[in-house]
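For what it's worth, the working numbering labels the leading residue of the sequence shown as 10, then goes sequentially.
By construction, the Cβ of each residue, glycine as well, lies at the ideal position given by its N, Cα and C atoms.
Bear in mind the structure is a predicted one, so any value in this text is a computation, not a measurement.
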Amino acid sequence: MSLVSVAPWFRLDCVWEGEEADVPPGMLSPWWRLLLLSDGSLTRHLHFITGQEVSVQVIDMSPVGWDQEGAPAELSQIPGPWVRRQVWLQTGSGERLVYATSWWPAGLVDQYLQNRDWPIWTSLRELRLELYRDIRRLYYGHSEVLAREFASGEPLWGRHYLFWHQGRPLTLIYEVLSSRLSTYLGASSPAEELLNLRP
Numbered sequence: 010m011s012l013v014s015v016a017p018w019f020r021l022d023c024v025w026e027g028e029e030a031d032v033p034p035g036m037l038s039p040w041w042r043l044l045l046l047s048d049g050s051l052t053r054h055l056h057f058i059t060g061q062e063v064s065v066q067v068i069d070m071s072p073v074g075w076d077q078e079g080a081p082a083e084l085s086q087i088p089g090p091w092v093r094r095q096v097w098l099q100t101g102s103g104e105r106l107v108y109a110t111s112w113w114p115a116g117l118v119d120q121y122l123q124n125r126d127w128p129i130w131t132s133l134r135e136l137r138l139e140l141y142r143d144i145r146r147l148y149y150g151h152s153e154v155l156a157r158e159f160a161s162g163e164p165l166w167g168r169h170y171l172f173w174h175q176g177r178p179l180t181l182i183y184e185v186l187s188s189r190l191s192t193y194l195g196a197s198s199p200a201e202e203l204l205n206l207r208p
């Protein structure tokens, strides 16, 4: 019998979704494209963008057994049972910029997240792991809960990706970015006609 996390996780109700190759020219501004498609540390990018330190607020970290409900299909590539971690990435002034959910092998999570209050990239860098971020899908859609928590408008951009280590997927991560990032990056809303180009 699988364990069930007390806290639900939040995903977007999509207007559009696709892979990097499905994004038509002009759908994303260069800065939004860089943020969503970069394989670098999102926490570091947010620090550079905002000029503020970015910290992690852990919402929930619970064993979920073999529960895949709503998760991207690539979760099956991560050895289960899983622990699911949910966090906000926020500035020193308390502005929430990113919501993230990650799934970890229950038997390995303590090895890789030795300080659970650190950003994932910081934890893995401290262990000097060689990592590859494999971005699998982009999302553009709605979440009333996340928009309310971000104190921002909708729709919102999101993505999910795998972290690979030594040729094997280590964790699956799903992220949603606040539309308040438009303050730093410019407009994020694609033209309405482009949203009809569903892959």
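Exercise. Identify the residues that DSSP records as bridge partners of G74: which are they?
Worked result: W91
Exercise. Among E163, M70, E62, L43, which has the Cα closest to the Cα of G101?
Worked result: E62
For this session: Thinking E28 and R146 are a contact (beta carbons under 8 Å), I'd like their distance in whole angstroms, please.
Result: 6 Å
For this session: State the Cα-Cα distance for the pair L194 and Q120, rounded to the nearest angstrom.
Result: 36 Å
For this session: Quick one: using the 10 Å Cβ neighbour count with 16 as the cut-off for buried, is H151 buried or exposed?
Result: exposed
Problem set entry | Cβ neighbours of V96 in the same chain (closer than 7 Å, five flanking residues each side left out) | V65, Q66, V67, I68, A109
Exercise. Is the Cβ-Cβ distance between V24 and Y149 less than 7 Å?
Worked result: yes
Problem set entry | Pair within 7 Å by beta-carbon distance, L106 and L37 | no
Exercise. In terms of alpha-carbon separation, which member of Y170, A16, S161, G176 lies closest to S50?
Worked result: Y170
Exercise. Per DSSP, what kind of secondary structure is L136 in: helix, strand or coil?
Worked result: Here the model assigns L136 a pLDDT of 48, short of 50, so the residue's position is not dependable, and the following value carries that caveat. Looking at L136 - three-state DSSP - the assignment turns out to be coil, as it is neither helix nor strand.
Problem set entry | Segment limits, alpha helix (DSSP H) that includes V107 | No alpha helix (DSSP H) holds V107; the beta strand (DSSP E) holding it covers 105 to 114.
Problem set entry | Own chain residues within Cβ distance below 6 Å of V92, not counting five before or after | P72, W113, A115, V118
For this session: Could you tell me the boundaries of the beta strand (DSSP E) in which D247 lies?
Result: Residue 247 cannot be examined here, being either before or after the span of the chain that is shown, 10 to 208.
Exercise. Is the distance from the Cβ of L216 to the Cβ of I87 below 7 Å?
Worked result: A question about residue 216 goes unanswered here, because the residues of the chain that appear run from 10 up to 208.
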